[in-house]
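To start, the structure itself, in structure tokens.
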Amino acid sequence: MTVLETGGDQLPQERRIVTEIPGPRSRELEARRKRAVAPGVASSLPAYIVAAGGGVLRDADGNQLIDLGSGIAVTTVGNANPRVVARAKEQLDAFTHTCFMVNPYEGYVEVAEALNRLTPGDHEKRTVLLNSGAEAVENAVKIARVHTGRNAVVVFDHAYHGRTNLTMAMTSKAAPYKKGFGPFAGEVYRAPMSYPYRDDAAAGTKVSGEDAAARVIEMIDRQIGADDVAALVIEPIQGEGGFIVPAEGFLPALAEYAKANGIVFVADEVQAGFARTGAMFASEHEGIVPDLVTTAKGIAGGLPLAAVTGRAEIMDAVGAGGLGGTYGGNPAAVAAALGAIEAYESDGLVARAREIGEILVKRCERLQAQFPEVGDVRGRGAMQAVELVRRDSLEPNPELAKAVAQHAGANAVLVLVTGTFGNVLRFLPPLTISDALLHEAFDVLEEGFAAALR
Ligand code: PLZ
Numbered sequence: 000m001t002v003l004e005t006g007g008d009q010l011p012q013e014r015r016i017v018t019e020i021p022g023p024r025s026r027e028l029e030a031r032r033k034r035a036v037a038p039g040v041a042s043s044l045p046a047y048i049v050a051a052g053g054g055v056l057r058d059a060d061g062n063q064l065i066d067l068g069s070g071i072a073v074t075t076v077g078n079a080n081p082r083v084v085a086r087a088k089e090q091l092d093a094f095t096h097t098c099f100m101v102n103p104y105e106g107y108v109e110v111a112e113a114l115n116r117l118t119p120g121d122h123e124k125r126t127v128l129l130n131s132g133a134e135a136v137e138n139a140v141k142i143a144r145v146h147t148g149r150n151a152v153v154v155f156d157h158a159y160h161g162r163t164n165l166t167m168a169m170t171s172k173a174a175p176y177k178k179g180f181g182p183f184a185g186e187v188y189r190a191p192m193s194y195p196y197r198d199d200a201a202a203g204t205k206v207s208g209e210d211a212a213a214r215v216i217e218m219i220d221r222q223i224g225a226d227d228v229a230a231l232v233i234e235p236i237q238g239e240g241g242f243i244v245p246a247e248g249f250l251p252a253l254a255e256y257a258k259a260n261g262i263v264f265v266a267d268e269v270q271a272g273f274a275r276t277g278a279m280f281a282s283e284h285e286g287i288v289p290d291l292v293t294t295a296k297g298i299a300g301g302l303p304l305a306a307v308t309g310r311a312e313i314m315d316a317v318g319a320g321g322l323g324g325t326y327g328g329n330p331a332a333v334a335a336a337l338g339a340i341e342a343y344e345s346d347g348l349v350a351r352a353r354e355i356g357e358i359l360v361k362r363c364e365r366l367q368a369q370f371p372e373v374g375d376v377r378g379r380g381a382m383q384a385v386e387l388v389r390r391d392s393l394e395p396n397p398e399l400a401k402a403v404a405q406h407a408g409a410n411a412v413l414v415l416v417t418g419t420f421g422n423v424l425r426f427l428p429p430l431t432i433s434d435a436l437l438h439e440a441f442d443v444l445e446e447g448f449a450a451a452l453r
């Protein structure tokens, strides 16, 4: 069957195993890849995809995998979402590129208007469009530095902000992201994150968000000096760090401190943004109004697009020519974004993320009740995870995470491992997945835990 016959939204919504996974066709492609592609780019599951939609991915051998990863939080509106595809196709037929810095076009402006409207806060905003999450984070720092005339950037333990030089400096985990790639950009300072599961265990009592924020503030005051800090950059829920949801009160206390000290508060919503957490942006859960918001991933249903959106008076600090890039806000990508935004708003996807979240939490708690190695269940909405430890301890158990993910992959369920310690299974399905597929995926995960712990 060709991609056209099976593609996107028309895929039968079922798990299907017709060969070993990866099957012979995928293995053939993998052998070619080994000769052609730089080994530095790794894949979670080498099943080559030919079509995807709803909650499934079809591979080159005709297997259908249940998708619990959304291409790392990207195909939140569903893979090949018809609204995204129709708009992008129409745009590609009209023109493919002008470079917004050469000749502008309406789609770019429309996406900027939509982001200004959708991001938290009803103050006047401006947006710049870019290609990747890392580029958005870099630009947020550039803008904050020009606006404040200061240099220092505060980031957090377990943070992930990208793979470019500045964002590597901002990312916490050494291997595989940073090791050997230095020297890194300077003036980046790392503060302690609020990590309730581990903080509370270490303290022997519940550490409040305010107390966790006090550690950060003390560190900034002592090591940098608040009036030298340009920006504080934080993921409202950490993605690659392990779906860490900070203690309630942590983010508001930091936002307040930033405001009181003229520090630009940047929410990196690249992974948590766009309906994923059961709100359009994760900052909303605690009523945070960031000065700047970085977005990417879920913004355009799979086409490469990213943005910095923020307070007009901050964004306006950079003069003409100071921001941009050849492809930033590419016509097809902005058309796709308009389709994706329409899907979020018209198809009830924020509410759907909450429903999916309820199922995920129930199924994660059921795992925890059966397997004491599930140390923590956490997340918001359709961004949930389990942190795995060795029995009766807090010692990370990356081997178990790997074994369960491998068992799942072999049984046509795609699940992604994450976390500083490699011991977190994260669940971030497309919001177009059915309840039945979610339950079926968790039945497979339960078998995976049982098999690995036998
Ligand atoms: N900020 C919060 O999650 C990307 C990276 C996977 P890019 N996360 C997935 C990998 O191993 O490369 C991410 C993120 C947050 C920034 C980024 C960077 O986004 O679009 O990958 O540059």
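Note that numbering that gives the first Met the number 0 has the sequence shown beginning at 0, numbered continuously upward.
Beta carbons are placed, not taken as given, at the ideal position from N, Cα and C, and that holds for glycine.
Any non-hydrogen atom of ligand 1 closer than 6 Å to residue i Cβ
i           : result
residue 187 : no
residue 438 : no
residue 43  : no
residue 292 : no
residue 388 : no
residue 131 : yes
residue 157 : no
residue 270 : yes
residue 284 : no
residue 236 : no
residue 297 : no
residue 142 : no
residue 457 : Here the chain has residues from 0 to 453 only, and residue 457 is not among them.
residue 267 : yes
Neighbourhood of residue i by C-beta distance below 7 Å, restricted to the same chain and skipping five residues each side
i           : result
residue 138 : 127, 129, 307 and 322
residue 332 : 299, 302, 303 and 304
residue 440 : 65, 67 and 412
Cβ-based neighbour list, residue i, same chain, cut-off 8 Å, excluding 5 preceding and 5 following
i           : result
residue 5   : Here the model assigns residue 5 a pLDDT of 38, short of 50, so the residue's position is not dependable, and the following value carries that caveat. Excluding positions up to five away in sequence, the list reads 49, 50 and 57.
residue 282 : 119, 235, 250, 266, 268, 288, 289 and 292
residue 311 : 122, 123, 124 and 125
residue 1   : Only weak support is given to the placement of residue 1: the predicted model assigns it a pLDDT of 36, under 50, and the value that follows is read from those uncertain coordinates. The answer is none, since no qualifying residue turns up.
residue 102 : none
residue 372 : 387, 388, 389, 390, 396, 399, 448 and 452
residue 223 : 151, 153 and 188
residue 446 : 406 and 410
residue 172 : 157, 159, 239, 240 and 419
residue 394 : 388
7 Å Cβ cutoff met for residue i and residue j
i           : j           : result
residue 31  : residue 59  : no
residue 229 : residue 143 : yes
residue 444 : residue 407 : yes
residue 188 : residue 153 : yes
residue 381 : residue 356 : yes
residue 426 : residue 369 : no
residue 155 : residue 202 : no
residue 208 : residue 255 : no
residue 133 : residue 163 : yes
residue 146 : residue 316 : yes
residue 277 : residue 352 : yes
residue 338 : residue 83  : yes
residue 90  : residue 433 : no
residue 75  : residue 297 : yes
residue 157 : residue 192 : yes
Residues sharing a beta bridge with residue i, DSSP
i           : result
residue 52  : 55
residue 378 : 383
residue 231 : 153 and 264
residue 124 : 310
residue 450 : DSSP output for residue 450 lists no bridge partner at all.
residue 243 : 237
residue 423 : 386 and 417
residue 291 : 265 and 309
residue 373 : 387
residue 395 : 388
residue 412 : 65
Other residues of its chain near residue i: CB distance less than 6 Å, five sequence neighbours each side excluded
i           : result
residue 348 : 274 and 430
residue 19  : none
residue 262 : 228 and 231
residue 46  : 20, 21, 25 and 58
residue 402 : 451
residue 3   : Model confidence at residue 3 stands at a pLDDT of 39, short of 50, so the residue's coordinates are unreliable and nothing is read from them.
residue 111 : 126
Chain C contact for residue i (CB, 7 Å cutoff)
i           : result
residue 184 : Structure shown: chain C not included; a single protein chain is present.
Cβ-heavy atom distance, residue i to ligand 2, below 6 Å
i          : result
residue 71 : Although ligand 2 was asked about, the structure shown includes only ligand 1 as ligands.
Give the list of continuous alpha helix (DSSP H) stretches no shorter than 4 residues that lie fully inside the segment 313–364. You should have 330–345.
In chain order, each beta strand (DSSP E) run of at least 3 residues that lies wholly inside the segment 16–91: Counting whole runs of 3 or more residues, the segment 16–91 contains the beta strand (DSSP E) stretches 48–52, 55–58 and 63–66.
Pick out the complete beta strand (DSSP E) segments inside the segment 126–199, 3 residues or longer, and give them in chain order. Listed in chain order, they are 151–155 and 187–190.
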